[in-house]
Amino acid sequence: MERVQAEAKRKTPEELVMIYKGIPYPSCICSEETFCALESLEAREDDLLIVTYPKCGTNWVIRILHEMLFFIGGKEPSIDQAMIEFGKPEKVQALKEASSPRVFSTHLHYKDIPKSFLEKKVKTLLILRNPKDTAVSYFHFSNNNPILPSYDSWDLFFNDYINGKVCYGSFFDHNSAWGEHIDDENIMAMTFEDMKLDYATHLKRISEFFGLSLSEEQLKEIENKTTFKSMKENSEGTHGKLGNTFFRKGEIGDWKSLFSEAQSKEVDAKFEQYLAGTKLGEKLNYKKYCEY
Ligand code: A3P
């Protein structure tokens with residue numbers, strides 16, 4: 066990771082981004098070669114897949130699944146990689162050879178998920194977060210993570226976010242495409258906000274969805290180990306120097322610290338256009354979390 070960050074510091078903001086099939090990605094950790102290699106990754110029936118748009122709670126849920134599998138199998142999953150799309154193409158071979166169960170995570174749009182995962186109907190946990198908090202989280206992350214272009218102001222970031230010019234493209238494209246599959250039998254959608262407000266119930270739902278049979282005591286232990294406070298305290302060990310960047314505030318409603326009324330209205334308009342009236346839009350509980 067330190068080598069990647071040193072490489073990033075030598076790149077111009079433009080060089081930090083590569084485009085693949087029309088979507089921008091961080092060029093220090095994503096490459097066309099790896100995307101091509103991923104096409105041959107065969108899914109297994111017992112794989113576990115986490116899907117998020119960036120900054121919606123990916124690292125939180127990865128940790129939860131690792132803790133759950135630790136109780137089930139006595140050891141953590143053999144793959145401790147982050148997103149399937151990160152890294153060199155050779156790493157795909159390591160993913161192919163890893164023992165089951167494999168926990169995968171990704172920010173990919175639905176259309177770019179390796180085909181075999183769709184054909185095999187791999188169990189997929191889709192974690193959603195309201196688009197305004199996601200934006201603020203993404204802004205701070207971009208300015209503190211050298212592999213992403215940084216921004217001189219919130220307004221400049223907002224402009225790229227609302228126009229889908231940030232890495233992984235538009236929040237709204239990502240959510241509306243996944244939203245079309247929200248009723249697929251192998252997909253369960255859950256929001257960051259619901260997890261925060263009723264953590265115990267949602268942990269249980271996650272374990273049941275993946276067929277992981279855990280006792281109340283085990284679930285309680287996992288709950289304690291994966292609170293924001295606990296994950297932040299351990300973040301230097303788990304995420305090195307970027308620990309505090311990954312585990313920043315973990316709150317609902319921080320968007321009010323940066324959004325102007327006009328920016329809030331722009332997001333409202335996008336929500337109306339892409340997600341209002343859809344099942345995924347309903348899940349986001351937009352009025353409750355995004356009203357100015
Ligand atoms: P903030 O920047 O708003 O604090 P990702 O892992 O997808 O990059 O998401 C990062 C966001 O999830 C950050 O949001 C981070 O603080 C929050 N987060 C991570 N672990 C969390 C936890 N255990 N509880 C609540 N929020 C958490």
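Counting from 1, position 19 in the sequence shown corresponds to residue 84 in the working numbering; the numbering is continuous, with no gaps.
Backbone N, C-alpha and C define an ideal beta-carbon position, used for all residues, glycine too.
Which listed residue (C121, E80, C95) has its alpha carbon closest to that of K86:
Position 21 of the sequence shown holds residue 86. Closest option to K86, Cα to Cα, is C95.
Could you check where the beta strand (DSSP E) with Y294 kicks off and where it finishes?
Locating residue 294 in the sequence shown gives position 229, counting from the first residue. In the sequence as presented, Tyr is not what sits at residue 294; that position holds Lys. K294 -> not in any beta strand (DSSP E); alpha helix (DSSP H) instead, spanning 293-298.
Evaluate L81 with the Cβ neighbour count: other Cβ atoms within 10 Å of its Cβ, from every protein chain shown; 16 or more gives buried, anything less gives exposed.
Taking the sequence shown and counting its residues from 1, one reaches residue 81 at position 16. Answer is buried; the Cβ neighbour count reaches 16.
By how many angstroms is the C-alpha of L307 removed from the C-alpha of S300?
Locating residue 300 in the sequence shown gives position 235, where the first residue counts as 1. Locating residue 307 in the sequence shown gives position 242, where the first residue counts as 1. If you take the alpha carbons of S300 and L307, they lie about 8 Å apart.
Rounded to the nearest angstrom, what separates V157 and S105 at their Cα positions?
As a first step, residue 157 must be located in the sequence shown, where it is residue number 92. As a first step, residue 105 must be located in the sequence shown, where it is residue number 40. The alpha-carbon atoms of V157 and S105 are separated by roughly 9 Å.
Please report how far the alpha carbon of A341 lies from the alpha carbon of S170, in whole angstroms.
Residue numbering aside, residue 341 sits at position 276 when the sequence shown is read from its first letter. Residue numbering aside, residue 170 sits at position 105 when the sequence shown is read from its first letter. Answer to the nearest angstrom: the Cα atoms are 27 Å apart.
What are the boundary residues of the beta strand (DSSP E) that includes A254?
Translated into positions along the sequence shown, residue 254 becomes position 189. Unbroken beta strand (DSSP E) run through A254: 252-256.
Would you list, in sequence order, the uninterrupted alpha helix (DSSP H) runs of no fewer than 4 residues that lie entirely inside the segment 103-163?
123-138, 156-162
Are E132 and T291 close, meaning C-beta to C-beta below 8 Å?
Within the sequence shown, residue 132 is the residue found at index 67, counting from 1. Within the sequence shown, residue 291 is the residue found at index 226, counting from 1. Result yes, Cβ atoms of E132 and T291 sit closer than 8 Å.
Pull up the distance between the alpha-carbon of G152 and that of W125, whole angstroms please.
Within the sequence shown, residue 152 is the residue found at index 87, counting from 1. Within the sequence shown, residue 125 is the residue found at index 60, counting from 1. For G152 and W125, the distance between alpha carbons rounds to 21 Å.
Is E316 near ligand 1, going by C-beta to nearest heavy atom under 7 Å?
Here the question's residue 316 lines up with position 251 in the sequence shown. Indeed, a heavy atom of ligand 1 lies less than 7 Å from the Cβ.
Give the secondary structure of M260 by DSSP, where H, G and I count as helix, E and B as strand, and everything else as coil.
The residue labelled residue 260 in the question sits at position 195 within the sequence shown. Here M260 sits in helix by DSSP.
I want to know whether the segment 253-263 touches the segment 170-179 - three or more CB-CB distances under 8 Å.
no
Expressed to the nearest angstrom, what Euclidean distance is found between the alpha-carbon atoms of M253 and S235?
Counting from 1 along the sequence shown, the entry for residue 253 is found at position 188. Counting from 1 along the sequence shown, the entry for residue 235 is found at position 170. If I take the Cα positions, the gap works out to 22 Å.
I need the straight-line Cα distance from E316 to M255, nearest angstrom please.
As a working mapping, residue 316 is identified with position 251 in the sequence shown. As a working mapping, residue 255 is identified with position 190 in the sequence shown. One C-alpha to the other measures close to 16 Å.
C-beta contact flag for I271 and L345 at 8 Å:
Along the sequence shown, one-based indexing puts residue 271 at 206. Along the sequence shown, one-based indexing puts residue 345 at 280. Their beta carbons are not under 8 Å apart, which means I271 does not touch L345 by this criterion.
Is the beta carbon of V168 closer than 8 Å to that of L113?
The count along the sequence shown starts at 1 and reaches residue 113 at position 48. The count along the sequence shown starts at 1 and reaches residue 168 at position 103. Their beta carbons are under 8 Å apart, which means L113 touches V168 by this criterion.
Quick one: residues in its chain with C-beta nearer than 7 Å to the C-beta of S92, no 5 flanking neighbours on either side, listed in chain order?
Numbered from 1 along the sequence shown, position 27 holds the residue referred to as residue 92. Same-chain partners within the cutoff: E80, L81, V82, M83.
Under the three-state DSSP convention, the category Y233 falls into
By 1-based counting over the sequence shown, the position of residue 233 is 168. In this structure, Y233 counts as coil in the three-state DSSP scheme.
With a threshold of 7 Å, establish whether the CB of G122 neighbours any heavy atom of ligand 1.
Within the sequence shown, numbered from 1, the residue matching residue 122 stands at position 57. Yes, ligand 1 has a heavy atom inside 7 Å of this Cβ.
H18 versus L130, Y226, R109, E331, residue with shortest Cα-Cα distance:
Nothing about residue 18 can be reported from this structure: the residues present for the chain run from 66 to 357 only.
CB of M66 to nearest heavy atom of ligand 1: below 7 Å?
In the sequence shown, residue 66 corresponds to position 1, counting from 1. No.
In three-state terms, what does DSSP make of I287?
One-based indexing of the sequence shown puts residue 287 at position 222. Helix.
Alpha carbon to alpha carbon, how far is S329 from D198? Give it in angstroms, no decimals.
Here residue 198 refers to the residue found at position 133 when the sequence shown is read from its first residue. Here residue 329 refers to the residue found at position 264 when the sequence shown is read from its first residue. Rounded to the nearest angstrom, the two C-alpha atoms are 11 Å apart.
For W125, is the beta carbon positioned less than 7 Å from some heavy atom of ligand 1?
Here the question's residue 125 lines up with position 60 in the sequence shown. It does: the Cβ of W125 is within 7 Å (strictly closer) of some heavy atom of ligand 1.
Tell me the residue span of the beta strand (DSSP E) that contains I317.
By one-based count along the sequence shown, residue 317 stands at place 252. From DSSP, I317 is part of no beta strand (DSSP E); its letter is neither H nor E.
My output table needs one value for T171: the three-state DSSP class, helix, strand or coil.
To locate residue 171, count along the sequence shown from 1; it is residue 106. Strand.
Residues in the same chain with beta-carbon distance under 8 Å from D361, minus the five sequence neighbours each way, listed in chain order, please.
Residue 361 falls outside the range modelled here, since the chain spans only 66 to 357, and no answer is possible.
What are the boundary residues of the beta strand (DSSP E) that includes Y351?
Taking the first residue of the sequence shown as position 1, residue 351 is located at position 286. That residue, Y351, is in no beta strand (DSSP E); its alpha helix (DSSP H) goes 351-355.
With Y85 as the anchor, note down where its beta strand (DSSP E) starts and where it stops.
Residue 85 sits at position 20 when you count from the first residue of the sequence shown. From DSSP, the beta strand (DSSP E) with Y85 extends over 82-85.
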